[in-house]
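Visitor:
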Amino acid sequence: MLAGLKDSAVSLTADAAPTAAPSRRQFLKASAAAGAGLVIGVTLLPGGGKIARAAAPAAAAPVDPNAFVRIAPDNTVTVAIKHIEFGQGTYTGLSTLVAEELDADWSQMRAEHAPADATLYNNLHWGPVQGTGGSSSIANSYMQMRQAGAGARAMLVMAAAEAWGVSPEEITVAKGVVSHAGSGQSATFGELAERAAAMEPPGEVTLKDPADFTLIGKHAPRLDSRAKSRGEAIYTMDKTLPGMLTAVIARPPIFGATLKSFDDTAARAVPGVTDVVAVPRGVAVVANGFWAASQGRDALTIEWDESTGETRGSAEIMAEYKRLADQPGTVARNDGAVEEAFASAARVLEAEYEFPFLSHAPMEPLDCLVDLKADSCDVWTGSQIPTVDHGAAVAISGLKPEQVRVHTLLAGGSFGRRATANADMVSEGVSVAKAIGGRAPVKVVWTREDDIQGGSYRPMYFHRLRAGLDENGNIVAWHHRIVGQSIVRDTPFAAALIQNGIDKTSVEGANTLPYAIPNLAVDLHTTDVKVPVLWWRAVGSTHTAYSTEAFIDEIAEAVGRDPVEYRLEMLAEHPRHAAVLKLAAEKAGWGEPAPAGRARGIAVHESFNSYVAEVAEVTVGDDGEIKVDKVVCAVDCGVAVNPDQIKAQMEGGIGYGLSAILREAVTLDGGRVEQSNFHDYTPLRINDMPEIEVHIVPSAEAPTGVGEPGTPPIGPAVANAVYSATGQRIRQLPMSLHGLTGA
Amino acid sequence: MVRLLINGEERQLDVAPETPLLWVIRDELGLTGTKFGCGIAMCGACTVHMDGFPIRSCSTAVADAEGSEITTIEAVNGKAAQAVQAAWEKLDVVQCGYCQSGQVMSAIALLSENQKPTDEDIDAAMSGNVCRCATYVRIRAAIHEAAEMMET
Numbered sequence: 001m002l003a004g005l006k007d008s009a010v011s012l013t014a015d016a017a018p019t020a021a022p023s024r025r026q027f028l029k030a031s032a033a034a035g036a037g038l039v040i041g042v043t044l045l046p047g048g049g050k051i052a053r054a055a056a057p058a059a060a061a062p063v064d065p066n067a068f069v070r071i072a073p074d075n076t077v078t079v080a081i082k083h084i085e086f087g088q089g090t091y092t093g094l095s096t097l098v099a100e101e102l103d104a105d106w107s108q109m110r111a112e113h114a115p116a117d118a119t120l121y122n123n124l125h126w127g128p129v130q131g132t133g134g135s136s137s138i139a140n141s142y143m144q145m146r147q148a149g150a151g152a153r154a155m156l157v158m159a160a161a162e163a164w165g166v167s168p169e170e171i172t173v174a175k176g177v178v179s180h181a182g183s184g185q186s187a188t189f190g191e192l193a194e195r196a197a198a199m200e201p202p203g204e205v206t207l208k209d210p211a212d213f214t215l216i217g218k219h220a221p222r223l224d225s226r227a228k229s230r231g232e233a234i235y236t237m238d239k240t241l242p243g244m245l246t247a248v249i250a251r252p253p254i255f256g257a258t259l260k261s262f263d264d265t266a267a268r269a270v271p272g273v274t275d276v277v278a279v280p281r282g283v284a285v286v287a288n289g290f291w292a293a294s295q296g297r298d299a300l301t302i303e304w305d306e307s308t309g310e311t312r313g314s315a316e317i318m319a320e321y322k323r324l325a326d327q328p329g330t331v332a333r334n335d336g337a338v339e340e341a342f343a344s345a346a347r348v349l350e351a352e353y354e355f356p357f358l359s360h361a362p363m364e365p366l367d368c369l370v371d372l373k374a375d376s377c378d379v380w381t382g383s384q385i386p387t388v389d390h391g392a393a394v395a396i397s398g399l400k401p402e403q404v405r406v407h408t409l410l411a412g413g414s415f416g417r418r419a420t421a422n423a424d425m426v427s428e429g430v431s432v433a434k435a436i437g438g439r440a441p442v443k444v445v446w447t448r449e450d451d452i453q454g455g456s457y458r459p460m461y462f463h464r465l466r467a468g469l470d471e472n473g474n475i476v477a478w479h480h481r482i483v484g485q486s487i488v489r490d491t492p493f494a495a496a497l498i499q500n501g502i503d504k505t506s507v508e509g510a511n512t513l514p515y516a517i518p519n520l521a522v523d524l525h526t527t528d529v530k531v532p533v534l535w536w537r538a539v540g541s542t543h544t545a546y547s548t549e550a551f552i553d554e555i556a557e558a559v560g561r562d563p564v565e566y567r568l569e570m571l572a573e574h575p576r577h578a579a580v581l582k583l584a585a586e587k588a589g590w591g592e593p594a595p596a597g598r599a600r601g602i603a604v605h606e607s608f609n610s611y612v613a614e615v616a617e618v619t620v621g622d623d624g625e626i627k628v629d630k631v632v633c634a635v636d637c638g639v640a641v642n643p644d645q646i647k648a649q650m651e652g653g654i655g656y657g658l659s660a661i662l663r664e665a666v667t668l669d670g671g672r673v674e675q676s677n678f679h680d681y682t683p684l685r686i687n688d689m690p691e692i693e694v695h696i697v698p699s700a701e702a703p704t705g706v707g708e709p710g711t712p713p714i715g716p717a718v719a720n721a722v723y724s725a726t727g728q729r730i731r732q733l734p735m736s737l738h739g740l741t742g743a
Numbered sequence: 744m745v746r747l748l749i750n751g752e753e754r755q756l757d758v759a760p761e762t763p764l765l766w767v768i769r770d771e772l773g774l775t776g777t778k779f780g781c782g783i784a785m786c787g788a789c790t791v792h793m794d795g796f797p798i799r800s801c802s803t804a805v806a807d808a809e810g811s812e813i814t815t816i817e818a819v820n821g822k823a824a825q826a827v828q829a830a831w832e833k834l835d836v837v838q839c840g841y842c843q844s845g846q847v848m849s850a851i852a853l854l855s856e857n858q859k860p861t862d863e864d865i866d867a868a869m870s871g872n873v874c875r876c877a878t879y880v881r882i883r884a885a886i887h888e889a890a891e892m893m894e895t
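As given, the protein sequences belong to chains A and B, one line each in that order. First residue of the first sequence: 1, per this note's numbering; consecutive thereafter. First residue of the second sequence: 744, per this note's numbering; consecutive thereafter.
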């Protein structure tokens, strides 16, 4: 999600944040709520609103731990988590960073979502915008959360020194206990909380030497495991308010169509239905509970104006993309003299790849609860970009920004779906609340059909790749043409992410190809299709990793070279790619025979500054059934803050990517989406899941994200293994189109 | 009027008999541990026990639950339940967690019937429960772990 924001919008902060000197200028302000114990906070970047091209670098920003750490008299330490927890582990990861510098005991740590505040809780890689994406949560928070923990620790130490009449330098802190050896005094954080709140915050803090870490790099269990294993975690779907109503919305049958007229007589006759109202996205049926609302919607008669809608099918769209690919596109990268190199190449190989629309299909269908009153608007949702969601709620409600509060709740997955530039969930929620005059709190719920058919897909793409080889089989020329929709065009993210006509999210992974090829060009056709599209776990790399890594495998095979050695020869300048590739190959037994009946394939790809290589072992049955038996994964994400959660994200990222390449596709026929639910948009199930082995490269580099980077390599690794097993190159996804099916 | 025996309590409910059990559990009874995922019995997020057997409450009419004992994640207990939930925590199975109530209910039902499930048994019992976070590696491991816990 939000791929490349870090590169373009705020490159300085991206690089500066993890390595910022701990002693930099800080403006600490203690603000203690009476009786609530210590609250430590810092003001970060000023302002709000749109993403700035040149946001102030994090290193120069004053850090305010008061905003992040709350120590209560009951000895709990609660961390305000500025990034939504939707499975990737921010509750645990960000709390680990605080606890490490605070010297807290892990058992006393708690986490809760921070409120929407683009000034206090912004993503340091994005400027004055609060949001989660681009696998940036740990990367942008690494220094900030440690500083927050260190600041809180310093105030506890000062409080103890004052209480005991000793020098702060003689005080030690370990596992949540503050001690003074000389006097034999000790106290818990909770016992010191109120006194610490009155302390002058330190102007500077000193962070630990990584050699002294006791939590970072070790095992810290997830803070949300217990609640989520017992049905106690509260998602938006579960949040209720007294008198709350539930709404479902009938949306247009094709993208871009508009409401002409509707007859709600039958809908209003459904017991429990209270309101039927037109809203910008369609017709909302409001009722006492989901089932009545759903029944009411089924009873609506609606006439749509489809004259402005997208009426093409997937086949027509792809045919147009192929025609476009015959024309030069906008140049995204151009090294050397590509056409001259092709002209003198001994051999030229070409391959074309087709990628379908993909739905994110998070397990929790989209939803948003709104309580709108004359002078206030409270919004509860799994808000991935609270700044955008808050702005939408302000605009639609007509209230002042300070009258609108966005409360982020746990989300049942997202994979990019909740990071919308148009705040679709919140916009609908506030629109419906407004349409019923704020008479009662109302929750808009999407059904699974609404989700699968509702757009915001990973775009369709067409790729054409050509490689020119010399007599020795070395690649001397490379041309990669990409055709597809822009994710960020016409959104507030365009200014940051579109440069010289190139949407970075369309070409990332292709224009950053790491292989040493002297003449290399990438160009792009951005297409006009009225299907809403969005970032989908790993964004551009979901297709560029597939086409580049499958094509490299094809070239290596054509010139009779081992695909690992062939890649390594071209990765001399990219040691982190090379290291994960070597590690995965070694751990998978590359070069030795695969177990009987199995074939192997390998791929390596960098996304969001994390490097991942995967070796897939597959069995293809006579009936075309693909069984991915095992995946060996090597990942380099810098400092491994929580190794077990890095493994979990690799496992999940592999499963998510495998699901897509085996059989996921949203297809259109006459503009209408042909799939509707999990019977025909078929997710990976436990019997499809391979055994997965994850190896983490030890590193002292700044930590980078793991939510997305595990996904891109699995497609080409499996494709290359399928070729090895069957001699068939899969260049059109999903694989089920070729008579190959998941187990 | 529908009479439901749920989590050991008898409840009289003024709902249409064809209302899906899921929405009675969630909207009428306020028990939110049981989740809505697809509405067509294809994802298992809504799994509850009917007389100890896992069923998809989104596709079960509340009238068809009359006369049976319904148990939701809020009230599930016993040796298998304890083992499954302990194993889930020990291995940090969850990610987003939204499907996990259903996963846990299916796993408890499996281990209540079969205390030493093979991988094939697990596939058969758990393939109706979708996890988009793909926590399947750990679900499998946690079921084996829970089976071991139940032996001791």
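Ideal Cβ placement from N, Cα and C applies to all residues, glycine included.
1. Starting from Glu471(A), trace the beta strand (DSSP E) in both directions and tell me its first and last residue.
2. Please say whether Pro356(A) and Met460(A) have beta carbons closer to each other than 7 Å?
3. At 4 residues or longer, what runs of the alpha helix (DSSP H) sit wholly inside the stretch 581–655 of chain A?
4. Quick check on DSSP: helix, strand or coil for Gln130(A)?
5. Taking a Cβ distance cut-off of 8 Å, strictly less, list which residues of the stretch 707–739 of chain A are near chain B, in chain order.
6. Measure the beta-carbon distance from Asp224(A) to Glu85(A) and round it to whole angstroms, keeping in mind my assumption that it falls under 8 Å.
7. Determine, using beta carbons only, whether Gln828(B) comes closer than 7 Å to chain A.
8. Judging by CA-CA distance, which residue of Val641(A), Ala660(A), Gly624(A) and Gly653(A) is the nearest neighbour of Thr214(A)?
9. For a cutoff of 7 Å on Cβ pairs, would you count Glu809(B) as touching chain A?
10. For Asn720(A), count the other beta carbons within 10 Å of its own beta carbon; 16 or more makes it buried, fewer makes it exposed. Which is it?
11. Any beta carbon of chain A sitting closer than 7 Å to that of Ser800(B)?
12. Could one say the Cβ of Ala14(A) lies closer than 7 Å to chain B's Cβ atoms, at least one of them?
13. Starting from the beta carbon of Ser225(A), find every residue of chain B whose beta carbon is closer than 8 Å, and list them in chain order.
14. State the CB to CB distance for the pair Ile626(A) and Gly715(A), rounded to an integer number of angstroms; the pair is presumed to be in contact (CB under 8 Å).
15. Buried or exposed, going by whether 16 or more other CB atoms sit within 10 Å of the CB of Thr347(A)?
16. Using a Cβ cut-off of 8 Å, pull out every chain A residue sitting near Cys842(B), in sequence order please.
17. Can you list the residues of chain A that Cys789(B) reaches, using a CB-CB cut of under 8 Å?
18. Can you give the Cα-Cα distance for Arg146(A) and His83(A), rounded to whole angstroms?
19. If you measure from the beta carbon of Thr775(B) to each beta carbon in chain C, is any gap under 7 Å?
20. Express the C-alpha separation of Val767(B) and Ser659(A) in angstroms, rounding to a whole number.
21. Which partner residues of Phe493(A) appear in the DSSP bridge assignment?
22. Given a threshold of 16 other Cβ atoms within 10 Å of its Cβ, counted over all protein chains shown, does His219(A) qualify as buried or as exposed?
23. Would you say His605(A) and Pro703(A) are within 7 Å of each other, going by their C-beta atoms?
24. Please report whether the beta-carbon of Thr803(B) lies at a distance below 7 Å from any beta-carbon of chain A.
25. What does DSSP give as the partner residue(s) for His525(A) in the beta ladder?
26. Check whether the stretch 472–491 of chain A touches the stretch 514–527 of chain A, counting contact only when three or more Cβ pairs, one atom from each stretch, lie closer than 8 Å.
27. Classify Pro575(A) as helix, strand or coil using the three-state DSSP reduction.
28. For Gln108(A), collect the residues of the same chain with a Cβ closer than 6 Å to its Cβ; drop the 5 residues on either side in sequence, then sort them by chain order.
29. Using only the alpha-carbon positions, how far apart do Gly773(B) and Phe493(A) sit?
30. Given a cut-off of 7 Å, decide if Val205(A) and Ala150(A) are closer than it, judged by their beta-carbon atoms.
31. With the cut-off set at 7 Å, would you say Val673(A) and Gln453(A) are in Cβ contact?
32. Let's test the definition: count the other Cβ atoms within 10 Å of the Cβ of Asp103(A) and tell me whether it reaches 16, buried, or not, exposed.
33. Shortest alpha-carbon distance to Ala325(A) belongs to which of Val635(A), Val539(A) and Thr526(A)?
34. Whole beta strand (DSSP E) runs in the stretch 56–108 of chain A with 3 or more residues, listed along the chain?
35. Could you work out which residue in Glu614(A), Ala603(A), Arg598(A) and Val639(A) is closest to Asp629(A) when comparing CA atoms only?
36. Pull out every residue of the stretch 342–369 of chain A whose Cβ sits closer than 9 Å to any Cβ of chain B, in chain order.
Guide: Reading it off the structure:
1. Translated into the one-based positions of the first sequence, residue 471(A) becomes position 471. Taken as a continuous stretch (DSSP letters only), Glu471(A) belongs to no beta strand (DSSP E), as it is neither H nor E.
2. Looking up residue 460(A) in the first sequence gives position 460. Looking up residue 356(A) in the first sequence gives position 356. Cβ distance < 7 Å, so Met460(A) and Pro356(A) count as in contact.
3. Complete alpha helix (DSSP H) runs here, min 4: none at all.
4. Here residue 130(A) refers to the residue found at position 130 of the first sequence. Here Gln130(A) sits in coil by DSSP.
5. Residues of the stretch 707–739 of chain A with a C-beta atom less than 8 Å from some C-beta of chain B do not occur.
6. One-based indexing of the first sequence puts residue 224(A) at position 224. One-based indexing of the first sequence puts residue 85(A) at position 85. Glu85(A) and Asp224(A) do touch by the CB rule: their CB atoms are close to 7 Å apart, below 8 Å.
7. Counting from one through the second sequence, the residue named residue 828(B) turns up at place 85. With its beta carbon less than 7 Å from one in chain A, Gln828(B) belongs to the interface.
8. As a position in the first sequence, residue 214(A) is number 214, starting the count at 1. Thr214(A) has its Cα closest to that of Val641(A), out of Val641(A), Ala660(A), Gly624(A) and Gly653(A).
9. By one-based count along the second sequence, residue 809(B) stands at place 66. By this cut-off, Glu809(B) is not an interface position.
10. Taking the first sequence and counting its residues from 1, one reaches residue 720(A) at position 720. Taking all protein chains shown into account, Asn720(A) has 16 or more neighbouring C-beta atoms within 10 Å of its C-beta and is therefore buried.
11. Taking the first residue of the second sequence as position 1, residue 800(B) is located at position 57. Not one chain A Cβ lies under 7 Å of Ser800(B).
12. Looking up residue 14(A) in the first sequence gives position 14. For Ala14(A), the predicted model reports a pLDDT of 28, less than 50, meaning its position is unreliable and no value from the coordinates is stated.
13. Counted from its first residue, the first sequence places residue 225(A) at position 225. Residues of chain B whose Cβ lies closer than 8 Å to the Cβ of Ser225(A) are, in chain order, Trp831, Glu832, Asp835, Val836 and Val837.
14. In the first sequence, the residue the question calls residue 626(A) occupies position 626. In the first sequence, the residue the question calls residue 715(A) occupies position 715. Rounded, the Cβ-Cβ distance is 12 Å, inconsistent with contact.
15. In the first sequence, counting from the first residue as 1, residue 347(A) sits at position 347. One detail in the question is off: residue 347(A) reads as Arg in this sequence, not Thr. Exposed: under 16 other Cβ atoms inside 10 Å.
16. As a position in the second sequence, residue 842(B) is number 99, starting the count at 1. Those are Met363 and Gly412, listed as they occur along chain A.
17. Working through the second sequence from its first residue, we reach residue 789(B) at position 46. Going along chain A, no residue has its Cβ under 8 Å from Cys789(B), so there is no contact; the nearest lies around 11 Å.
18. Position 146 of the first sequence, counting from 1, holds the residue named residue 146(A). Position 83 of the first sequence, counting from 1, holds the residue named residue 83(A). When rounded, the distance between both Cα atoms is 15 Å.
19. In the structure shown, chain C cannot be found, because the protein chains are A and B.
20. Sequence index remark: in the first sequence, residue 659(A) carries index 659 (1-based). Sequence index remark: in the second sequence, residue 767(B) carries index 24 (1-based). So the alpha carbons of these two residues sit roughly 33 Å apart.
21. As a working note, residue 493(A) is residue 493 in the first sequence. Looking at the DSSP output, Phe493(A) bridges to nothing.
22. Indexing the first sequence from 1 puts residue 219(A) at position 219. His219(A) comes out exposed.
23. Within the first sequence, the letter at position 605 stands for residue 605(A). Within the first sequence, the letter at position 703 stands for residue 703(A). No.
24. Taking the first residue of the second sequence as position 1, residue 803(B) is located at position 60. Thr803(B) is outside the set of residues whose beta carbon lies under 7 Å from a beta carbon in chain A.
25. Residue mapping note: residue 525(A) aligns to position 525 of the first sequence, counting from 1. In the DSSP output, where bridge partners are listed per residue, His525(A) has Val483(A).
26. Verdict: yes, contact present.
27. In the first sequence, residue 575(A) corresponds to position 575, counting from 1. Note: Pro575(A) maps to helix in three-state DSSP.
28. In the first sequence, counting from the first residue as 1, residue 108(A) sits at position 108. Here Gln108(A) has Asn75, Thr76, Val77 and Gly176 as same chain residues with Cβ atoms under 6 Å from its own Cβ, once five neighbours each way along the sequence are excluded.
29. Sequence index remark: in the second sequence, residue 773(B) carries index 30 (1-based). Sequence index remark: in the first sequence, residue 493(A) carries index 493 (1-based). Going from the Cα of Gly773(B) to the Cα of Phe493(A) covers about 40 Å.
30. The residue labelled residue 150(A) in the question sits at position 150 within the first sequence. The residue labelled residue 205(A) in the question sits at position 205 within the first sequence. Against a cut-off of 7 Å, the Cβ pair of Val205(A) and Ala150(A) comes out as a contact.
31. As a first step, residue 673(A) must be located in the first sequence, where it is residue number 673. As a first step, residue 453(A) must be located in the first sequence, where it is residue number 453. For Val673(A) and Gln453(A), yes; Cβs fall inside 7 Å.
32. In the first sequence, residue 103(A) corresponds to position 103, counting from 1. When all chains shown are included, Asp103(A) counts as buried.
33. Working through the first sequence from its first residue, we reach residue 325(A) at position 325. Checked all of Val635(A), Val539(A) and Thr526(A); the closest Cα to Ala325(A) is Thr526(A).
34. Counting only runs of 3 or more, we get 64–71 and 77–81.
35. For the purposes of this step, residue 629(A) is identified with residue 629 of the first sequence, where counting begins at 1. Of the candidates Glu614(A), Ala603(A), Arg598(A) and Val639(A), the one whose C-alpha sits nearest the C-alpha of Asp629(A) is Arg598(A).
36. Those residues of the stretch 342–369 of chain A that come within reach of chain B (Cβ to Cβ, closer than 9 Å) are His360, Ala361, Pro362, Met363, Glu364 and Pro365.
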